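Student: Note that full-length UniProt numbering has the sequence shown beginning at 1, numbered continuously upward.
This structure is in structure tokens; I'll ask about it shortly.
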Amino acid sequence: MKEARLGECRLSYAVVSIMDPQSSGKSTLLNHLLGTNFREPIAFKRKSQTTKGIWLVKAENIEPCTLVIDLHGPDGREGRG
């Protein structure tokens, strides 16, 4: 992953995020719509291949500066104590 240089955005930016159940294709959708490069689960692998935590990237070639947030699913066991 390369450095995002968020300081270049100054005060003009948009934020896009998505929240849906675990393993529903959130990372894949963001990658296809916004040109991000979130790691996508490999088909037919264990469920532990889903997004863990919160990932933030700056979308390339979109104005205004667009920050994209990928969250693990709200039903993900990784977030439970």
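Here a beta-carbon is modelled for each residue, glycine too, at the ideal position from N, C-alpha and C.
Keep in mind the model is a prediction, meaning the values are calculated, not measured.
Does any heavy atom of the ligand COA sit closer than 7 Å to the C-beta of residue 18?
Tutor: The ligand COA is absent from the structure shown, which contains no ligand whatsoever.
Student: Exposed or buried, what is residue 52 when buried is set at 16 or more other beta-carbons lying within 10 Å of its beta-carbon?
Tutor: Looking at its Cβ environment, which holds fewer than 16 other Cβ atoms inside 10 Å, residue 52 is exposed.
Student: Would you please state the rounded distance, in angstroms, between the beta carbons of residue 59 and residue 35? I believe it to be under 8 Å.
Tutor: So it is a contact: roughly 6 Å between Cβ atoms.
Student: Which same chain residues end up closer than 6 Å to residue 65 when comparing Cβ atoms and leaving out the 5 residues on each side of it in sequence?
Tutor: If we look at residue 65 and ignore the five residues flanking it on each side, its Cβ neighbours are 9 and 13.
Student: Looking at the strands, I want to know which residues DSSP matches up with residue 20.
Tutor: The partner list for residue 20 (beta bridge, DSSP) is empty, contrary to what the question assumes.
Student: Which of the three DSSP states is assigned to residue 26 in this structure?
Tutor: Three-state DSSP puts residue 26 in a helix.
Student: For the beta strand (DSSP E) holding residue 67, just list the boundary residues, first then last.
Tutor: Per DSSP, residue 67 belongs to the beta strand (DSSP E) from 65-71.
Student: Comparing alpha-carbon positions, which option in 32, 67 and 31 lies nearest residue 6?
Tutor: If we check each option's Cα against that of residue 6, 67 comes out closest.
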